[in-house]
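Worksheet for the structure shown next.
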Amino acid sequence: MLSYRHSFHAGNHADVLKHIVLMLIIENFQLKEKGFYYLDTHAGVGRYRLFSEEAEKTAEFEEGIGRLWQRDDFPEEITRYIQLIKKFNYGGKELRYYAGSPLIAATMLRPQDRALLTELHPSDFPLLRNNFKEFKNVTSKRENGFQQLKATLPPKERRGLILIDPPYELKEDYDLVVQAVEDGYKRFATGTYAIWYPVVLRQQIKRMLRHFENTGIRKILQIELAVRPDSEQRGMTASGMIVINPPWTLEQQMKKILPYLTQTLVPEGTGNWSVKWVVPE
1 MLSYRHSFHA
11 GNHADVLKHI
21 VLMLIIENFQ
31 LKEKGFYYLD
41 THAGVGRYRL
51 FSEEAEKTAE
61 FEEGIGRLWQ
71 RDDFPEEITR
81 YIQLIKKFNY
91 GGKELRYYAG
101 SPLIAATMLR
111 PQDRALLTEL
121 HPSDFPLLRN
131 NFKEFKNVTS
141 KRENGFQQLK
151 ATLPPKERRG
161 LILIDPPYEL
171 KEDYDLVVQA
181 VEDGYKRFAT
191 GTYAIWYPVV
201 LRQQIKRMLR
211 HFENTGIRKI
221 LQIELAVRPD
231 SEQRGMTASG
241 MIVINPPWTL
251 EQQMKKILPY
261 LTQTLVPEGT
271 GNWSVKWVVP
281 E
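The sequence shown runs 1 to 281 under the working numbering.
So this is what it looks like as structure tokens:
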């Protein structure tokens, strides 16, 4: 199975997709003045040095954020994403750091918004806690992220975004994702749930989607970016986001963005993209 510690894959094509979707959802939440709750179930450390031993071992960022860094022909949504990443790189002079989803979210939060970041990895959690100690409306906990959907939902704000981004090291993780979302949805049916997934074996994703369909949950949108065709060989060929209760603008935004990302991140011509409803409203 795929061992997906964030530090080895920071800034790759999957991160680019995931973090653009995350940014667009948060932007939509902030169209209303009322605050919202953000839960990041598998937060990692939140900020990554791209020239660390882990990142250099794979250098996946070179085929992700690295391919966007020096361009200036972006759709406006991608421009806003790049501006966010440049904030963590001294204004964009040099690409040395990549922000994980917790840092992107925390940077975007307003005073009336709040976040809970959870991470179980014994090496990652102290770094996560230290990276966010200056953020007044962000709490970091060494807890099981899946269980927080039971423990913290519904939030007092009655508005919330739950990002679920597990490592999928075990086959059971695919089932745990569906169970966690089902548990959370029973408590908080109006929340937005954004689930990242890797495509290592296509059958696993098809199975997970069938399980989501069987929950009876409505309004499930699937967004996917592939860098090469499905394969039985080891390795991630694509990644995607399953978004429950997506903002009404997200579908069209991603249909606009994904052709550009596919052309830019996969210049070899082996990529493809899709945006489709697993379960409509």
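Positions of the beta carbon are idealized from the N, C-alpha and C atoms, including for glycine.
All of these numbers come straight from a predicted model, not from anything done at the bench.
Given a cut-off of 8 Å, decide if residue j and residue i are closer than it, judged by their beta-carbon atoms.
| i | j | result |
| --- | --- | --- |
| Glu77 | Ile164 | no |
| Gln148 | Leu116 | yes |
| Lys24 | Gln253 | In the sequence as displayed, the identity of residue 24 is Leu instead of Lys. Yes; because the gap between Cβ atoms is below 8 Å, this pair is in contact. |
| Gly191 | Gly145 | no |
| Glu158 | Asn137 | In the sequence under discussion, the amino acid at residue 158 is Arg, which differs from the Glu named in the question. Their beta carbons are not under 8 Å apart, which means Arg158 does not touch Asn137 by this criterion. |
| Val45 | Gly92 | no |
| Tyr98 | Tyr48 | yes |
| Ile65 | Phe74 | no |
| Lys34 | Met241 | no |
| Asn12 | Glu63 | yes |
| Thr249 | Asn28 | yes |
| Thr118 | Ala43 | yes |
| Asp173 | Arg202 | no |
| Ile26 | Met108 | yes |
Please confirm if residue i has its CB atom under 8 Å from at least one CB of chain C.
| i | result |
| --- | --- |
| Glu77 | Of the protein chains in this structure there is only one, and it is not chain C. |
Under a three-way DSSP split, which group does residue i fall into?
| i | result |
| --- | --- |
| Thr270 | coil |
| Thr139 | strand |
| Leu50 | coil |
| Val181 | helix |
| Glu213 | helix |
| Leu39 | strand |
| Trp260 | One detail in the question is off: residue 260 reads as Tyr in this sequence, not Trp. Note: Tyr260 maps to helix in three-state DSSP. |
| Thr249 | coil |
| Val279 | strand |
| Glu224 | strand |
| Ala238 | strand |
| Thr118 | strand |
| Tyr81 | helix |
| Tyr90 | helix |
| Val200 | coil |
| Ala99 | strand |
| Gly67 | Rather than Gly, the amino acid found at residue 67 in this sequence is Arg. Note: Arg67 maps to helix in three-state DSSP. |
| Ala55 | The predicted position of Ala55 is uncertain, since its pLDDT is 48 and thus under 50; a value taken from the coordinates is nonetheless stated next. Of the three classes helix, strand and coil, the one that applies to Ala55 here is helix, per DSSP. |
| Asp113 | coil |
| Asp124 | helix |
| Val21 | helix |
| Lys206 | helix |
| Asn12 | coil |
| Leu265 | helix |
| Glu232 | coil |
| Glu60 | helix |
| Arg218 | coil |
| Lys255 | helix |
| Tyr4 | Unreliable positioning characterises Tyr4 in this predicted model, as indicated by a pLDDT of 46, which lies under 50. The coordinate reading is nonetheless provided below. Coil. |
| Lys186 | helix |
| Glu134 | coil |
| Glu27 | helix |
| Glu33 | coil |
Report the partner residues of residue i according to the DSSP bridge assignment.
| i | result |
| --- | --- |
| Ala194 | Leu163, Val243 |
| Tyr174 | DSSP, once it has assigned bridges, lists no residue as partnering Tyr174. |
| Gln147 | Answer is none; Gln147 lacks a bridge partner. |
| Ala105 | Looking at the DSSP assignment, Ala105 forms no beta bridge with any residue, so it has no partner. |
Between residue i and residue j, which are expected to be in contact by the criterion C-beta below 8 Å, what is the C-beta distance as a whole number of angstroms?
| i | j | result |
| --- | --- | --- |
| Glu213 | Val275 | Wrong, their Cβ atoms sit about 17 Å apart, outside the cutoff. |
| Lys219 | Glu281 | 5 Å |
| Ala243 | Met208 | Reading the sequence as shown, one finds Val at residue 243 and not Ala. Incorrect: roughly 14 Å between the Cβ atoms, too far for contact. |
| Leu120 | Arg142 | 6 Å |
| Asp40 | Pro102 | 5 Å |
| Leu153 | Phe188 | 4 Å |
| Phe135 | Ala106 | 5 Å |
| Phe61 | Ala14 | The pair is not a contact, with the Cβ atoms about 11 Å apart (cut-off 8 Å). |
| Arg110 | Gln30 | 7 Å |
| Leu221 | Pro259 | The Cβ separation is near 17 Å, so there is no contact. |
Would you say the beta carbon of residue i comes nearer than 7 Å to a heavy atom of the ligand MG?
| i | result |
| --- | --- |
| Pro267 | The ligand MG is absent from the structure shown, which contains no ligand whatsoever. |
- Is the segment 165-184 touching the segment 229-237, taking contact as three or more C-beta pairs under 8 Å? no
- Segment contact flag, the segment 153-169 with the segment 188-205, C-beta cutoff 8 Å, min 3 pairs: yes
- So does the segment 263-272 actually touch the segment 221-235, counting three or more Cβ pairs closer than 8 Å? yes
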